[in-house]
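Below you'll find the structure, written out as structure tokens, and then a few comments.
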Amino acid sequence: MGWGYDQVFTGRAALLHLGAFTATIMTANVFLIIMPNQRIVVADLKAGR
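Residues 1 to 49 (full-length UniProt numbering) make up the sequence shown, in order.
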């Protein structure tokens, strides 16, 4: 991904876009993977499993 940005943008702009892309992926990971699994674990703990 970084190489592609480097081919299209200048150095500073490529780093900025790569950072924004990384932050988007990390945010999606929290909302789509971590939070649903945490809800399952908390529900299991409340149920005594």
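Glycine is no exception: its CB is placed at the ideal position from the N, C-alpha and C atoms. Here the structure is a predicted model, which means the values were calculated and not measured.
Please state the DSSP three-state secondary structure of residue i.
i     : result
Phe21 : helix
Phe31 : helix
Arg49 : coil
Met26 : helix
How big is the Cα-Cα spacing for residue i and residue j?
i     : j     : result
Ala28 : His17 : 17 Å
Gly11 : Ala47 : 53 Å
Met35 : Val41 : 10 Å
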